[in-house]
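Presented below is the structure to which this report refers.
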Amino acid sequence: MRPFTDRIEECIQRFRARRRLGSLRSAIFDKYLFLGGIDASQRQFTGMALDTDALVEADREQIRTMTAVDFVGGNGCRFYDDNDRDDWEVDFEAIVKGFFSRTITDWFLYDDEAIRLAADLIKNFLNYVLMHDVCPEYASNVLAARNVCDIAPVELRCMHELILGLPGSFNSAARSLFCDGIVNHVDKEENYEALVTFRLTALLWPLSQKAKQSREQILKAEDPTTIKLISTTEETYQVLKIERPRQRDKKMVSEQLPTTGLGGKLKPAGFICVAPTIIAHGWGNMPRPEEVQFDSAEEEEYVLEDELLAKLEVGMKIHMTVCELSVGLRFIKEVHDIRVSFDTFLPQYLMTNWKDPVPNERPPPSIHDPNVEEKAMSAEIGADE
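Printed below as a string of structure tokens:
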């Protein structure tokens, strides 16, 4: 069997030649290939400078090679090099995860149409790889990558909606009461509504055993001003469990609320169970996820409305500011960042704008001539003019 690098290179070249990608699809495909360490920059015989004589005499395979722009093992240290193959790993799934969780969101933000276009394109390519049996040894990995293409548009849309919707009615009410201090002025109607939302959500909806202890403390605190804010911290969590309210509980509460005159002031709520984590960015002054042990960290719970819980997925990461009250209840004050469940940081991402260093022939500044570099640059500018 031919080496994998030769097979995948030919596959990519054939795919691009037969699909005749437009400018946008071609740019998307180039960025996807770059994350895999594949050079897709322009070569000779492309664009307007075609050597027609050479093309006339060439057969189909030679024409494909001459007009190809995709090469494995290419140009500078930004790309895969056969001499450093031990530093690289074949992982179709990781590339697709990194591409949709980082590259696409940086490029298109939350453009749903563009994201679906990218997902269809990459899935089409992966289907091409499977159909032509390019790398049977990685077939299961290619299938896993294709599955990511199916879930990526949905999760990215939900992530955008969560950014707009969080922290939700309950947490916003808690923030207003105990961070902004309106708990001391609940005699005003607009402030009283925040207190109603906070107490009803905490007391009526079935929560976890841990939350029930806080519920008892809230019941004992007849005067809401006795509940105090004891800590505010900035944390990053990974969602471990999502507990949505049961249908029978929704029905029971909806039937009982109108009799109290408080109908419409309460949304169905549940909770998320989370644990500390790290969102990888590749910064030199920040620890990597694998360098930090969270095994001994306690799991925590946060109340959220059901309409928000429906958009969350186990594995999502949330960077947020959280507060703890004297009754033991924790709430979300502010959300700073949300990552999809398949969020993956690839080292190749750091090479996006990398340029190989070139020799600098200008003399360095010294105590004898501290401005020598500026003089040399001025001379070069004058020569160009």
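Those letters in the sequence shown? Residues 1288 to 1672, by our numbering. Where a beta carbon is used, it is the ideal one built from N, C-alpha and C, also for glycine.
Item                                                                                                                 : Value
Same chain only: Cβ atoms within 6 Å of residue 1397, ignoring 5 sequence neighbours per side                        : 1447
Exposure of residue 1581, with buried meaning 16 or more beta-carbon neighbours within 10 Å                          : exposed
Distance between residue 1365 and residue 1624 (C-alpha atoms, nearest Å)                                            : 29 Å
Any 3 or more C-beta pairs closer than 8 Å across the segment 1400–1414 and the segment 1308–1316                    : yes
Simplified DSSP assignment, three categories, for residue 1310                                                       : helix
Residue span of the beta strand (DSSP E) that contains residue 1529, given as start and end                          : 1516–1530
Distance, residue 1507 Cα to residue 1450 Cα                                                                         : 35 Å
Residue 1403 versus 1429, 1440 and 1383, residue with shortest Cα-Cα distance                                        : 1440
Cα-Cα separation between residue 1401 and residue 1391, rounded to whole angstroms                                   : 9 Å
Counted within 10 angstroms of its Cβ, other Cβ atoms place residue 1290 as buried (16 or more) or exposed           : exposed
DSSP-derived helix/strand/coil call for residue 1620                                                                 : strand
Cβ-Cβ distance between residue 1592 and residue 1554 below 8 Å                                                       : yes
Residue span of the beta strand (DSSP E) that contains residue 1387, given as start and end                          : Looking at the DSSP string, residue 1387 is not in any beta strand (DSSP E), and its letter there is neither H nor E.
Cβ distance (whole Å) where residue 1608 is taken to contact residue 1384 below 8 Å                                  : Actually they do not touch by this definition, with Cβ atoms about 27 Å apart.
Continuous beta strand (DSSP E) stretch holding residue 1561: start and end                                          : 1556–1563
C-beta contact flag for residue 1627 and residue 1442 at 8 Å                                                         : yes
Per DSSP, the bridge partner or partners of residue 1382                                                             : Residue 1382 pairs with nothing; no bridge assigned.
Whether residue 1322 touches residue 1635 by CB criterion (8 Å)                                                      : yes
Closer than 8 Å to chain B by CB, residue 1594                                                                       : Going by chain labels, chain B is absent from the structure shown, which holds only one protein chain.
Distance CB(residue 1586)-CB(residue 1562) smaller than 8 Å                                                          : yes
Spatial distance of residue 1663 from residue 1575 (CA atoms)                                                        : 42 Å
Short Cβ contact (8 Å threshold) for residue 1604 with residue 1566                                                  : yes
Span of the beta strand (DSSP E) around residue 1604                                                                 : 1604–1612
Counterpart residues of residue 1590 in DSSP-defined beta bridges                                                    : 1558
Which residues DSSP lists as bridging residue 1625, in chain order                                                   : 1605
Residue 1656 classed as buried or exposed, judged by whether at least 16 other C-beta atoms fall within 10 angstroms : exposed
Buried versus exposed, by CB contacts within 10 Å (16 or more), residue 1651                                         : exposed
Delimiting residues of the alpha helix (DSSP H) encompassing residue 1458                                            : 1455–1465
Per DSSP, cross-strand counterpart(s) of residue 1374                                                                : Residue 1374 is not bridged to any residue.
Simplified DSSP assignment, three categories, for residue 1293                                                       : helix
With 16 other Cβ atoms within 10 Å as the buried cut-off, status of residue 1333                                     : Annotation note: pLDDT 49 at residue 1333 (below 50); position unreliable, no value reported.
Alpha-carbon to alpha-carbon, residue 1616 and residue 1515                                                          : 11 Å
Nearest neighbour of residue 1595, chosen from 1463, 1302, 1376 and 1532 [CA to CA]                                  : 1532
Status (buried if at least 16 other CB within 10 Å, exposed otherwise) for residue 1293                              : exposed
Residue 1620 beta carbon less than 8 Å from that of residue 1462                                                     : yes
Burial state of residue 1435, where buried means 16 or more other Cβ atoms lie within 10 Å                           : buried
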